[in-house]
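Taken in sequence, the protein lines are chains A and B. Under the numbering used here, the first sequence has 73 at position 73, and the numbering climbs by one with no breaks. Position in the second sequence (from 1) plus 114 gives the number in the numbering used here.
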Amino acid sequence: DVKVTQSSRYLVKRTGEKVFLECVQDMDHENMFWYRQDPGLGLRLIYFSYDVKMKEKGDIPEGYSVSREKKERFSLILESASTNQTSMYLCASSGTSGSSGELFFGEGSRLTVL
Amino acid sequence: AQSVSQHNHHVILSEAASLELGCNYSYGGTVNLFWYVQYPGQHLQLLLKYFSGDPLVKGIKGFEAEFIKSKFSFNLRKPSVQWSDTAEYFCAVNGPNTGGFKTIFGAGTRLFVKA
């Protein structure tokens, strides 16, 4: 089974702090994604990456950056956390050939910014 | 703006009732369609998917969905729900017109099944 592991399930940070969210997948997937999940808004794409060192902005990239130095790892960075970034963050991965883009998700990282 | 719309945000049913959750999308051209489910305390997982062939697709746990291209719809159905179906359900779409094969999600429907 594909396993997508997010390093932290729960984090509490203060406004202005730098936050790192780590994600690792073990299925050699080319594509990796960061979404945030908010009640009533569904999942919104922050950034995605289709190859090592490649990144593309999603629909809500403001206030976030990402890093993909290795194929299996995709990090989300909040340079200066703000209260409106309190949310559930979901990492996902997908293969390219023959997969139709099915996403495999991690368990999520719930971030609270005070 | 192009989007994925789920008709109901909250649904409450009794066990053995039939379920239909609506999903409409606004992207033209070729699309891949998905329903994902998130059970309480668990990660999102695929329920079923459509990318070609028979427009009636069957997924896990007795769920099915029908792709109606003319209506831009992909509604989820189950003839008889169980208490264990309590979860949040997300419709999702990807394809050339979602922007580089990004997957776009609906807002989700929270289903509560009374025992």
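Cβ atoms here follow ideal geometry from the backbone N, Cα and C, with glycine treated the same way.
- Secondary structure of B/Lys-175 (DSSP, three-state): helix.
- A Cβ-Cβ separation of about 6 angstroms places B/His-157 in contact with A/Gly-106 under the 8 angstroms criterion.
- Distance from B/Ala-179 to B/Arg-191 at the Cβ level is roughly 7 angstroms; contact confirmed, criterion being Cβ atoms closer than 8 angstroms.
- As computed with DSSP, B/Val-227 is found in a beta bridge with B/Leu-127.
- At least 8 angstroms separates the CB of B/Asn-138 from every CB of chain A.
- A/Met-88: member of the beta strand (DSSP E) spanning 87-94, first to last residue.
- Using a CB distance cut-off of 8 angstroms, A/Phe-74 does not count as an interface residue toward chain B.
- By alpha-carbon distance to A/Tyr-64, the top candidate from A/Leu-21, A/Arg-9, A/Ser-109 is A/Leu-21.
- Neighbours of A/Glu-107 in chain B, taken as residues at a C-beta separation under 7 angstroms, are given in chain order as His-157.
- Note on geometry: alpha-carbon atoms of A/Leu-41 and A/Ser-67 lie some 25 angstroms from one another.
- The C-alpha of B/Ser-128 is placed about 39 angstroms away from the C-alpha of A/Tyr-47.
- When Cβ-Cβ separations below 8 angstroms define contact, A/Leu-11 makes no contact with chain B.
- Exclusion of the five residues before and after A/Asp-38 leaves Arg-44, Ser-87, Met-88 as the residues of its chain whose Cβ lies within less than 8 angstroms of its Cβ.
- Among the residues of chain B, those whose CB is under 7 angstroms from the CB of A/Leu-41 are Ala-221, following chain order.
- The Cβ of A/Leu-111 sits no closer than 8 angstroms to any Cβ of chain B.
- For the segment 195-207 of chain B, the beta-carbon criterion of a distance under 7 angstroms to any beta-carbon of chain A is satisfied by Phe-204.
- At a beta-carbon threshold of 7 angstroms, the residues of chain B lying near A/Leu-45 are Lys-216, ordered along the chain.
- What B/His-123 touches in chain A, judged by beta-carbon distance under 8 angstroms, is Gly-40, going in chain order.
- Counted as a single uninterrupted DSSP element, the beta strand (DSSP E) harbouring A/Thr-112 occupies residues 109-113.
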